[in-house]
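Going letter by letter, the sequence shown gives residues 34 to 149 in my numbering. We treat Cβ as the ideally placed atom computed from N, Cα and C, and that holds for glycine. Computed from a predicted model, the values in this text were never measured in an experiment.
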Amino acid sequence: MPEVPLSDELSTALAELFRALADPNRTKIVHALAHGEVTTSGLAAVLNISLPAVSQHLRLLRLLRIVKPRREGRLVYYSLDDRHIRLLISLSITHLQEEQSRSGSAVHLGDPERPG
């Protein structure tokens, strides 16, 4: 049992963070930005996602301070807001790769609320 329980405020913020990262396209965007700054159109091209979709995903990620913009002339470059997001993604990928190696197949976590 943890010494200090998680506050309601922190618990809600943590759930919002994981909810934002639960979308596969947003996860791809965050992973791409873990390797450096990219423009909106650059993300759309690399990830094969429409420009309007990338913009919508970036808007939500900006609101949650997962990514931050930097304007240079007419271009807007995006990067991760801090090193913690990069670490979270890196640790998550490592965890899934280890699970995949252990099980010998792709990891499908399923619904944590449903047994089996």
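For residue i, the three-state DSSP class (helix, strand or coil)
i	result
V79	helix
P148	With a pLDDT of 42 at P148, under the threshold of 50, the predicted position of this residue should be treated as unreliable, and no value is reported.
V37	coil
Inter-residue Cα distance where the pair is residue i and residue j
i	j	result
K101	S112	6 Å
H64	R107	24 Å
I122	L54	9 Å
L43	I126	24 Å
Residue span of the alpha helix (DSSP H) that contains residue i, given as start and end
i	result
D41	D41 to L54
P57	P57 to L66
Burial state of residue i (16 or more Cβ within 10 Å)
i	result
R59	buried
T73	buried
V37	exposed
H128	exposed
L66	buried
H90	buried
L39	exposed
L94	buried
L47	exposed
V79	exposed
Subject >> Entirely enclosed beta strand (DSSP E) segments - the region 93–129, minimum 3 residues >> reply: 100–105 and 108–113
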